[in-house]
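Down below is the structure, laid out as C-alpha cells.
In our numbering, the protein residues as written are 29 to 325.
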C-alpha cells in the first residue's frame with residue numbers, strides 16, 4: 029500500500045502556558061509550487077523563527093505557509109520600583125524650584141506621583157525558567173505541526189478519492205471513443221462517395237484507384253488510435269501515482285497536460301458529431317481532475 033496523499037490546504041493551532049506566560053502558534057497553508065515559509069515571532073524569540081522553518085521543512089514538501097507565534101505576558105509577576113535615574117534628577121530640581129518660589133518643599137507622595145519616577149517591571153526570572161519556557165514553546169510548535177499534518181492528510185484522502193473518480197471517467201470516455209472511432213472509416217467512405225456522386229453528376233469518370241487513395245488519406249487523417257492508446261497509458265500512470273501516494277501533485281499536473289494534448293488532438297481529428305461531443309466531455313473531465321490535483325502536495 030502506498031503513502032497517504034496530502035492536501036496543501038490546512039490550519040492548525042496549539043497553545044501553552046508556563047510561569048505566567050501564555051502563547052499560541054497558528055499555522056496556515058495553501059497551495060504553492062514549492063515550500064514557501066513566512067514566520068512571524070515576537071521580539072526576544074527570534075531563535076524560534078529558524079527552528080520553525082527547519083521543522084516545517086522536515087514535514088512538508090510543498091505549500092505556502094504562514095506561521096505566527098503570539099506571546100502574552102499579562103500573567104507574569106511584576107513589581108513596583110523607583111527609577112533612580114529620574115528620581116535623582118527630580119529631587120534637586122524640585123528643591124531648587126521650592127527655594128526660588130519660597131514654597132512648601134515637595135512631599136514624598138508628590139514626587140512619587142510624577143510620571144516616570146515609579147515603574148512596573150517584570151521580575152527577573154532564572155535562566156532555568158527561560159530555558160524551560162522556550163522548550164515548551166518548541167513542543168507546542170510540534171503539536172501544531174502534527175495537527176497540520178493530520179488535517180492535510182484528511183483533506184488529501186478526500187481529494188484523492190475525487191481524483192480517482194475523474195480518472196475512471198476519463199477511462200470510460202476513452203473506451204467509448206474507441207468504440208465510436210471503429211465506425212469512422214465506413215462513415216467517412218460513405219460520406220465521401222456521396223459527395224463525389226454529387227460532384228460527378230455529369231458522368232465524368234474517376235478512376236477507382238484515385239477514389240481509394242482519397243478515402244485512405246481521409247481515414248488516415250481521422251485515425252485516433254494513437255491518441256486513444258496514449259490516453260490509456262496516461263490513465264494507468266495516473267492510477268499508479270494515486271496508489272503510490274506521497275507528494276505526487278507535480279507529476280499528476282504534468283499528466284493532466286498530457287491528457288489535454290491527446291483530447292485536443294482527438295477533437296481536431298474527429299469527423300463525427302458524437303465523437304466530437306465525447307471529446308468535449310473528455311476535456312471537461314480532465315479540467316475537473318486538474319482542479320483537484322492543483323491542491324495535492
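Ideal Cβ placement from N, Cα and C applies to all residues, glycine included.
{"Check": "Touching by the beta-carbon criterion (3+ pairs, under 8 Å), the stretch 295–306 and the stretch 169–178", "Outcome": "no"}
{"Check": "Three-state secondary structure (DSSP) of residue 82", "Outcome": "helix"}
{"Check": "Assumed close pair residue 93, residue 55 - CB separation to whole angstroms, cut-off 8 Å", "Outcome": "7 Å"}
{"Check": "Classification of residue 87 by the beta-carbon crowding that lies within 10 angstroms, buried from 16 upward", "Outcome": "exposed"}
{"Check": "Alpha-carbon to alpha-carbon, residue 80 and residue 158", "Outcome": "18 Å"}
{"Check": "Segment contact, 8 Å Cβ cut-off, at least three pairs: the stretch 178–193 with the stretch 58–71", "Outcome": "no"}
{"Check": "Residue closest to residue 319, alpha-carbon to alpha-carbon, out of 64, 282 and 38", "Outcome": "282"}
{"Check": "Option in 156, 257 and 160 with minimal Cα separation from residue 293", "Outcome": "257"}
{"Check": "Exposed unless 16 or more other CB atoms sit within 10 angstroms - verdict on residue 136", "Outcome": "exposed"}
{"Check": "Residue 269 beta carbon less than 8 Å from that of residue 279", "Outcome": "yes"}
{"Check": "Euclidean distance between Cα positions of residue 333 and residue 117", "Outcome": "Residue 333 lies beyond the range of the chain shown here (29 to 325); nothing can be said about it."}
{"Check": "Extent of the continuous beta strand (DSSP E) to which residue 52 belongs", "Outcome": "49–58"}
{"Check": "Own chain, CB closer than 7 Å to residue 245, minus 5 neighbours either side, in chain order", "Outcome": "At residue 245 the pLDDT is 49, less than 50, meaning the model places this residue with poor confidence; the figure from the coordinates comes in the next sentence. Answer for residue 245: no residue qualifies."}
{"Check": "DSSP beta-bridge partners of residue 96", "Outcome": "54 and 68"}
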